[in-house]
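In our numbering, the protein residues as written are 338 to 752. Everything on this sheet refers to the single structure shown next.
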Amino acid sequence: MRYRFIIPIILIILALLSLNSKHFKTYNVQKYDIIGDGNTDNTQAIQTLFDTINTDNATVQFPKGTYIISAPIVITRPVTIIGENATLKLSPQFKSNKMGQGFFYANSIDNITINNLNFDGNKSNLLKDPVNNFVTWFENTSHVTIENCSVTNLNGGGENLNTAFGFIGNSHYGKALGNTVTNSGGGAVFFQGKHSEAKNNTSTKLDDVALVANSTGAQNIIFKNNTVSNTKSGGIGIENGPSEITITDNTINNFTDGYGIGVLHFKDLSSPPPKKITIKNNKINANLGNNPCNAIAIERGENILIEKNSIQNVNNSSPHNNSIWISNMVKTTKISSNTLSKTTAHAMLIQSTESIVLSKNHINTEDVGVFITLDHIKTNKTLTISNNIITAKKAIYNESNNNAIQLINNTITEI
């Protein structure tokens with residue numbers, strides 16, 4: 338009688354093991370005529386492998402080597418892609434198609450992981466694509482993690498997507514973790530969806546904004562513990578209406594002709610402004626170049642907190658340079674407990690009285706500590722400047738007669 342029960346149980350276990358084995362199948366690319374010799378064009382072989390995977394959540398493994406591709410690889414199923422000291426490199430004969438110049442593309446395919454791969458855009462041997470230049474372009478694709486990858490020599494300067502890792506449209510729950518992007522013509526990470534995060538990434542020598550949240554669809558985004566150095570446009574950009582954005586514990590060095598952290602609006606002002614933005618505990622050091630640069634630039638937004646940031650070495654190479662700039666399209670903003678030092682430019686330029694609070698900041702500058710210009714303000718709410726310690730050539734300069742300005746208990750030393 339026992340055998341009646343034991344045999345069915347064994348069959349069930351074997352079936353489950355078989356299902357599990359199929360579910361987590363691993364594909365070593367070198368077993369599929371994909372050659373990592375740095376010369377062979379593997380585009381068709383890699384695409385064929387991805388097209389023939391017949392189960393979700395498989396793993397594609399790239400062993401050590403350099404794998405050349407000449408067109409983007411289209412991902413058609415949920416998959417994990419991992420490298421073992423492996424580099425994917427764009428061929429000098431790369432032929433841009435409607436997707437542009439890049440490595441991986443997916444549309445509406447959730448649950449993708451890319452781990453420990455190196456990407457070489459080979460830009461010294463390739464003209465940029467006029468529209469899109471990318472490592473990954475994930476469109477309406479959620480639950481994507483890109484971790485411990487390295488990117489170098491990627492082109493940029495196209496009209497649309499120019500970034501290493503693009504999470505476009507309704508691409509939610511995206512993660513970019515511990516990646517390095519260097520010497521590239523675009524940015525590093527670009528989010529348009531919800532509930533996403535970029536943490537512990539390093540971006541160096543980029544020609545575009547390193548980390549971006551873009552559009553009103555970008556909500557609940559975290560930028561944390563990233564390092565950005567020597568970018569020509571900006572460090573972290575919040576563009577065209579994102580909301581509930583947290584920017585914390587990042588280090589930004591040597592930003593050029595733009596901003597360290599910017600909350601900006603490039604499109605029609607009839608769309609909603611950025612809202613609920615927290616900028617906290619960041620270190621921003623040194624602007625380069627001669628065009629306008631702001632360590633923190635708030636062009637448009639509401640309910641913004643700028644707190645406990647350290648900003649230094651903002652120079653006056655342009656009269657429009659500031660450590661912190663608040664434009665006349667900003668409302669309900671608190672700037673508190675920041676340290677602004679070693680600067681030859683204005684420490685703060687304030688152009689709004691729409692419930693703006695400056696409190697408990699330590700300011701040391703060879704120029705103006707707080708420059709207030711309210712010529713275009715039509716409302717009289719409040720601009721409160723209280724309990725700040727200001728050492729400057731001119732502590733507070735006010736070129737407006739607006740009666741909404743309140744100066745309370747500031748400690749001032751003019752040098």
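Every residue gets a Cβ at the ideal spot worked out from N, C-alpha and C, and that includes glycine. It should be emphasised that the depicted structure is a prediction, and the values quoted were computed from it without experimental measurement.
So the beta strand (DSSP E) residue i belongs to, where does it begin and stop?
{"i": "Phe387", "result": "Looking at the DSSP string, Phe387 is not in any beta strand (DSSP E); the run it does join, the alpha helix (DSSP H), is Thr380 to Thr389."}
{"i": "Thr585", "result": "Ser580 to Thr585"}
{"i": "Arg637", "result": "Asn631 to Glu644"}
{"i": "Phe708", "result": "Val705 to Ile709"}
{"i": "Lys362", "result": "Careful: Lys362 lies outside any beta strand (DSSP E) and carries neither H nor E."}
{"i": "His509", "result": "No beta strand (DSSP E) contains His509, which DSSP labels as neither H nor E."}
{"i": "Glu691", "result": "Glu691 to Ser696"}
{"i": "Gly571", "result": "Gly571 to Glu576"}
{"i": "Phe560", "result": "Gln556 to Lys561"}
{"i": "Lys620", "result": "Lys620 to Leu625"}
{"i": "Ile687", "result": "His683 to Ile687"}
{"i": "Ile412", "result": "No beta strand (DSSP E) contains Ile412, which DSSP labels as neither H nor E."}
{"i": "Tyr596", "result": "Tyr596 to Leu601"}
{"i": "Glu751", "result": "Thr748 to Glu751"}
{"i": "Tyr404", "result": "Gly402 to Ile406"}
{"i": "Lys613", "result": "Lys612 to Lys617"}
Excluding sequence positions up to five away, which residues of its chain have a Cβ less than 7 Å from the Cβ of residue i?
{"i": "Ser358", "result": "With a pLDDT of 44 at Ser358, under the threshold of 50, the modelled position of that residue is not reliable, and the figure given next carries that caveat. No residues qualify anywhere along the chain."}
{"i": "Thr413", "result": "Phe387, Asp388 and Ile446"}
{"i": "Asn735", "result": "Ile709 and Ile742"}
{"i": "Leu356", "result": "Unreliable placement is indicated for Leu356, whose pLDDT of 46 sits below 50; the coordinate value is still reported in the next sentence. Around Leu356: no qualifying Cβ."}
{"i": "Gly493", "result": "Lys465, Asn470, Asn499, Ser521, Gly522, Gly523, Asp544 and Asp545"}
{"i": "Ala352", "result": "For Ala352, the predicted model reports a pLDDT of 49, less than 50, meaning its position is unreliable; a value from the coordinates is still stated below. Cβ within range, chain order: n/a, list empty."}
{"i": "Glu581", "result": "Gln556, Asn557 and Lys613"}
{"i": "Leu711", "result": "Gln688, Thr690, Ser737 and Asn739"}
{"i": "Asn459", "result": "Lys426, Leu427, Pro429 and Asn490"}
Considering only residues of the same chain and omitting the five flanking positions on each side of residue i, which have a CB-CB separation below 6 Å?
{"i": "Val518", "result": "Val488, Ala501, Ala525 and Ser540"}
{"i": "Phe475", "result": "Ala443, Val481, Phe504 and Ser508"}
{"i": "Gly515", "result": "Glu484, Asn485 and Asn537"}
{"i": "Ile700", "result": "Leu677, Ala684, Gly706 and Ile727"}
{"i": "Ile589", "result": "Val565, Gly572, Gly597 and Ile621"}
{"i": "Thr750", "result": "Thr728"}
{"i": "His532", "result": "His509, Tyr510 and Asn557"}
{"i": "Thr721", "result": "Val694 and Gln743"}
{"i": "Thr669", "result": "Glu639, Asn640 and Ser692"}
Pick out whichever of the options has its Cα sitting closest to the Cα of residue i.
{"i": "Glu639", "options": "Ser479, Ile722, Pro579 and Gly506", "result": "Pro579"}
{"i": "Thr583", "options": "Ser570, Lys512 and Asn557", "result": "Asn557"}
{"i": "Ile405", "options": "Val397, Thr681, Ile383 and Thr363", "result": "Ile383"}
{"i": "Leu642", "options": "Lys668, Tyr596 and Ile672", "result": "Ile672"}
{"i": "Ile635", "options": "Asn653, Phe560, Glu421 and Gly599", "result": "Gly599"}
{"i": "Glu496", "options": "Gly437, Gln398, Lys542 and Tyr369", "result": "Gly437"}
{"i": "Ile302", "options": "Leu491, Asn653, Ile752 and Ile449", "result": "With the chain running from 338 to 752 in the structure shown, residue 302 is simply not present."}
{"i": "Asn422", "options": "Thr403, Lys432 and Ser433", "result": "Thr403"}
{"i": "Lys645", "options": "Asp586, Asn434 and Ser654", "result": "Asp586"}
Cutting at 8 Å between CB atoms, please list the residues of its own chain near residue i, excluding the five before and the five after it.
{"i": "Pro656", "result": "none"}
{"i": "Phe768", "result": "The first residue shown for the chain is 338 and the last is 752, placing residue 768 beyond what the model contains."}
{"i": "Asp378", "result": "Ile405, Ile406, Ser407, Ser428 and Gln430"}
{"i": "Asn462", "result": "Pro429"}
How about residue i: is its Cβ closer than 8 Å to a heavy atom in the ligand NAD?
{"i": "Gly530", "result": "Among the components of this structure there are no ligands whatsoever, and the ligand NAD is therefore not found."}
Would you say residue i lies against chain C (beta-carbon separation less than 9 Å)?
{"i": "Thr588", "result": "Of the chains in the structure shown, none is chain C; there is only one protein chain."}
Task: Cβ contact (3+ pairs, closer than 8 Å) linking the segment 609–617 and the segment 649–658 - done: When Cβ pairs closer than 8 Å are counted between the two stretches, the segment 609–617 is seen not to touch the segment 649–658, the count staying below three.
Task: Ranges of the beta strand (DSSP E) found wholly within the segment 416–489, counting only runs of at least 3 - done: Runs of the beta strand (DSSP E) spanning 3 or more residues and lying entirely within the segment 416–489 occur at 416–427, 441–444, 449–457, 470–476, 481–484 and 487–489, in chain order.
- [ ] Mind listing, in chain order, the continuous beta strand (DSSP E) runs of no fewer than 3 residues lying wholly within the segment 650–677?
- [x] Listed in chain order, they are 659–673.
Open item on the list: Could you check whether the segment 385–396 touches the segment 420–436, counting it as contact only if at least three pairs of C-beta atoms, one from each stretch, sit closer than 8 Å?
Closed with: No: fewer than three Cβ pairs fall under 8 Å.
TODO: Run through the segment 516–553 for me and flag every whole beta strand (DSSP E) of 3 or more residues, listed as ranges in chain order.
DONE: List check, beta strand (DSSP E) in window: 517–521, 524–528, 531–536, 539–543 and 548–551.
Task: Segments of 3+ residues assigned as beta strand (DSSP E) that fall wholly inside the segment 715–741 - done: Within the segment 715–741, the complete beta strand (DSSP E) runs of at least 3 residues are 719–723, 726–729 and 731–735.
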